């Protein structure tokens with residue numbers, strides 16, 4: 001039986017906040033492609049409180065750290081404290097799981113795999129990290145976790161989280177780093193009728209598609225943005241952002257992406273990669 005975390009059991013509708021790809025460093029002034037990632041993350045948190053303050057939980061979908069340090073994760077823990085809601089995180093390709101575990105237990109952060117939230121929904125949290133490489137993959141254990149969660153709660157609408165995008169996003173340089181052998185992932189989903197959404201990070205841009213009848217969403221980074229539909233590495237001038245997800249009783253997902261206002265976190269446009 002899966003280990004399950006219960007949250008807001010009596011709620012009819014749920015609002016989630018997705019924060020992704022913070023790329024934090026141990027030094028407070030650490031920068032990625034010219035963007036001071038801790039400052040941009042702090043600005044996102046501040047504007048979340050101003051503009052979208054009502055939500056039930058935070059989803060942090062990977063690449064929390066850029067330098068693998070415990071201190072970078074401590075900065076994340078401290079950074080989300082003002083949000084005062086539980087946070088559920090998963091690793092991205094830049095993360096270092098021993099350091100992630102080094103800040104747990106935390107009053108606010110959980111590394112759970114299966115969240116039963118409200119009366120109608122479940123969130124299945126997958127680990128697509130392959131240590132030492134930028135692309136992702138799901139182990140047999142992770143695929144079994146997904147299959148079991150969907151089987152055990154067929155009456156619940158399901159939101160599936162993972163870091164890597166499970167199909168091409170339209171940028172050749174990024175798509176070589178997507179989820180490998182993604183057909184196995186889609187095959188598991190095809191066995192079930194209660195999959196309503198997939199949420200990922202990794203691509204540092206907004207994405208909203210219907211794939212095989214399932215809503216697929218990706219979200220801007222809290223720091224650097226990648227230019228959509230570019231075969232070669234290219235940066236976008238759009239501001240850092242976050243996403244809200246309203247999970248409705250009928251299985252629909254209402255979602256909106258927000259971007260920072262009145263802040264300048266421009267990346268180095270001459271950068272050739274990272």
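In full-length UniProt numbering, the protein residues as written are 1 to 274. We put the CB at the ideal spot given by N, CA and C, even for glycine. Computed from a predicted model, the values in this text were never measured in an experiment.
Keeping to the same chain, check which residues put their C-beta closer than 6 angstroms to that of residue i; ignore five residues upstream and five downstream.
| i | result |
| --- | --- |
| residue 110 | 88 |
| residue 159 | 123 and 197 |
| residue 195 | 158, 189 and 214 |
| residue 4 | 114 and 116 |
| residue 261 | none |
In terms of residue numbering, what span does the beta strand (DSSP E) encompassing residue i cover?
| i | result |
| --- | --- |
| residue 158 | 157-161 |
| residue 207 | 207-211 |
| residue 218 | 214-218 |
| residue 183 | Run containing residue 183: none in the beta strand (DSSP E); it sits in the alpha helix (DSSP H), 182-190. |
| residue 253 | 253-259 |
| residue 246 | 241-247 |
Using a Cβ-Cβ cut-off of 8 angstroms (strictly less than) and excluding sequence neighbours within five positions of residue i, which residues of its own chain qualify?
| i | result |
| --- | --- |
| residue 136 | 93, 128, 129, 130, 162, 163, 164, 177, 178, 179, 180 and 202 |
| residue 184 | 138 and 143 |
| residue 66 | 23, 24, 25, 30, 32, 37, 72 and 94 |
| residue 259 | 220, 238, 239, 240 and 241 |
| residue 1 | Note on residue 1: pLDDT 43, under 50, position unreliable in the model; no value is reported. |
Once DSSP output is grouped into helix, strand and coil, what is the label at residue i?
| i | result |
| --- | --- |
| residue 226 | strand |
| residue 118 | coil |
| residue 73 | helix |
| residue 5 | strand |
| residue 98 | helix |
| residue 175 | helix |
| residue 264 | coil |
| residue 21 | coil |
| residue 169 | coil |
| residue 195 | strand |
| residue 290 | Nothing about residue 290 can be reported from this structure: the residues present for the chain run from 1 to 274 only. |
| residue 136 | strand |
| residue 32 | strand |
| residue 200 | strand |
| residue 235 | strand |
| residue 110 | strand |
| residue 123 | strand |
Measure the CB-CB distance between residue i and residue j and report whether it falls below 9 angstroms.
| i | j | result |
| --- | --- | --- |
| residue 125 | residue 108 | no |
| residue 15 | residue 28 | no |
| residue 22 | residue 222 | yes |
| residue 157 | residue 120 | yes |
| residue 99 | residue 73 | yes |
| residue 154 | residue 192 | yes |
| residue 217 | residue 224 | no |
| residue 17 | residue 52 | yes |
Which residue marks the beginning of the alpha helix (DSSP H) containing residue i, and which one marks its end?
| i | result |
| --- | --- |
| residue 141 | 140-152 |
Leaving out five residues on either side along the sequence, give the residues of the same chain with a beta carbon under 7 angstroms from the beta carbon of residue i.
| i | result |
| --- | --- |
| residue 134 | 93 and 177 |
| residue 45 | 79, 80, 82 and 83 |
| residue 268 | 33 and 34 |
| residue 232 | 173 |
To test your reading of the DSSP string, which unbroken alpha helix (DSSP H) runs of 4 or more residues are found completely within the segment 37-95?
37-51 and 70-80
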